[in-house]
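Student: Note that the working numbering has the sequence shown beginning at 75, numbered continuously upward. By construction, the Cβ of each residue, glycine as well, lies at the ideal position given by its N, Cα and C atoms.
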Amino acid sequence: MRKGTALVTGAGRGLGAAIARRLSAEGWPVVVNDLDQAAAEGLADDIARAGGRALAVGVDATDPAQVATMVQWAREHFGPVLVTVANASGPQGEVPVEELSWAYMLRHFEFFTKSPLALLHAAVPDMRAARWGRVVHIGSDLFDRADPGWSAYMAAKGALLGLTRGWALELGTDGITVNLVAPGWIPVERHGAIPPEVAERWLGRQAVPRWGTPDDVAGAVAYLTSEDAGFISGQRIVVNGGFHFA
Ligand SMILES: NC(=O)c1ccc[n+]([C@@H]2O[C@H](COP(=O)([O-])OP(=O)(O)OC[C@H]3O[C@@H](n4cnc5c(N)ncnc54)[C@H](O)[C@@H]3O)[C@@H](O)[C@H]2O)c1
Numbered sequence: 075m076r077k078g079t080a081l082v083t084g085a086g087r088g089l090g091a092a093i094a095r096r097l098s099a100e101g102w103p104v105v106v107n108d109l110d111q112a113a114a115e116g117l118a119d120d121i122a123r124a125g126g127r128a129l130a131v132g133v134d135a136t137d138p139a140q141v142a143t144m145v146q147w148a149r150e151h152f153g154p155v156l157v158t159v160a161n162a163s164g165p166q167g168e169v170p171v172e173e174l175s176w177a178y179m180l181r182h183f184e185f186f187t188k189s190p191l192a193l194l195h196a197a198v199p200d201m202r203a204a205r206w207g208r209v210v211h212i213g214s215d216l217f218d219r220a221d222p223g224w225s226a227y228m229a230a231k232g233a234l235l236g237l238t239r240g241w242a243l244e245l246g247t248d249g250i251t252v253n254l255v256a257p258g259w260i261p262v263e264r265h266g267a268i269p270p271e272v273a274e275r276w277l278g279r280q281a282v283p284r285w286g287t288p289d290d291v292a293g294a295v296a297y298l299t300s301e302d303a304g305f306i307s308g309q310r311i312v313v314n315g316g317f318h319f320a
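#1: Under three-state DSSP, which class holds residue 283?
#2: Determine the contact status of residue 113 and residue 182, defining contact as a CB-CB distance below 8 Å.
#3: Does the distance from the CB of residue 193 to the CB of residue 238 come in under 8 Å?
#4: Sorry if obvious, but does the Cβ on residue 262 come closer than 7 Å to a heavy atom of ligand 1?
#5: Locate the beta strand (DSSP E) running through residue 207, then write down its first and last residues.
#6: Could you check if residue 227 is buried or exposed, using at least 16 other CB atoms within 10 Å of its CB as the buried criterion?
#7: Smallest Cα separation from residue 249: which of 236, 299, 271?
#8: Which whole-angstrom value is the C-beta distance of residue 215 and residue 317, which I expect to be below 8 Å?
#9: Check whether the Cβ of residue 95 sits closer than 7 Å to any heavy atom of ligand 1, and report yes or no.
#10: Within 7 Å: the Cβ of residue 142 and any heavy atom of ligand 1?
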């Protein structure tokens, strides 16, 4: 096990919370970032109660200065940041093309390109010094299958895949891998109750006919951050139960 810190953005709830818990279970001290400070603190307390070490940091993951400060705090608390997971997301929803504004698109690019870049810039000196690092981006399978009203989200997640492949190529000689996990629809707190007819239609399109869980996504992240995954870089793992169109 490497001596260092794992940092997960947007980890106060949803997929990020499961990822942070899992990385802690794998033995990493974890920085739980979320704009919602109370949610981040709640999760950090849970992790501590389970025997892990966690630091809650309520900063804006899309602001490079705040991200740099967070990484500095992480270093001071737990040591070099060797694992980063860019997971944070703002509000999402359907916007038809006629109503699509550049401001709305830019907000998506801030979460899915600007924030991962800020995180990489802040943490890469630690990874280079250790000659070991794991960068994981949370994408989406929506980039492949498309849904009406989601073009800004798809474009930004597609851009994140491009960054994943490019950075993998540039950082591989330093022992740093860069990969993307692309979840399908994984119900989390924000989805609320799903009507039975929607569930039936959706699950009927998956090879594995059950809802995916945040732990399914966390498992893929844990693998990509492990020693075993050192020869995997620039890749995308889709975690969607084999969703298909037929
Ligand atoms: N849940 C799914 O079905 C699904 C599917 C595909 C991809 N994803 C991706 O997984 C990631 C997590 O999704 P989720 O469903 O858990 O979302 P979520 O909305 O439940 O969680 C996102 C978290 O990010 C936090 N956040 C918002 N703005 C922030 C900021 N500026 N700085 C720091 N934190 C901030 C929120 O407070 C929230 O806790 C996102 O990138 C999303 O696009 C989710």
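Tutor: Inspection of the coordinates gives the following:
#1: Counting from one through the sequence shown, the residue named residue 283 turns up at place 209. Three-state result, residue 283: coil.
#2: Stepping through the sequence shown from its first residue, residue 113 is reached at position 39. Stepping through the sequence shown from its first residue, residue 182 is reached at position 108. Contact: no.
#3: By 1-based counting over the sequence shown, the position of residue 193 is 119. By 1-based counting over the sequence shown, the position of residue 238 is 164. No, they are not a contact pair.
#4: For this step, residue 262 is matched to residue 188 along the sequence shown. It does: the Cβ of residue 262 is within 7 Å (strictly closer) of some heavy atom of ligand 1.
#5: Numbered from 1 along the sequence shown, position 133 holds the residue referred to as residue 207. Looking at the DSSP string, the run of the beta strand (DSSP E) that includes residue 207 is 207-212.
#6: Position 153 of the sequence shown holds residue 227. Label assigned to residue 227: buried.
#7: Your numbering for residue 249 matches position 175 in the sequence shown. It is 299 whose Cα lies nearest to the Cα of residue 249.
#8: Here residue 215 corresponds to residue number 141 of the sequence shown, with the count starting at 1. Here residue 317 corresponds to residue number 243 of the sequence shown, with the count starting at 1. The pair is a contact, with the Cβ atoms about 6 Å apart (cut-off 8 Å).
#9: If you number the sequence shown from 1, residue 95 lands on position 21. Because no heavy atom of ligand 1 lies under 7 Å away, the Cβ of residue 95 does not count as near it: no.
#10: Residue numbering aside, residue 142 sits at position 68 when the sequence shown is read from its first letter. Checking every heavy atom of ligand 1 against the Cβ of residue 142, none is found closer than 7 Å.
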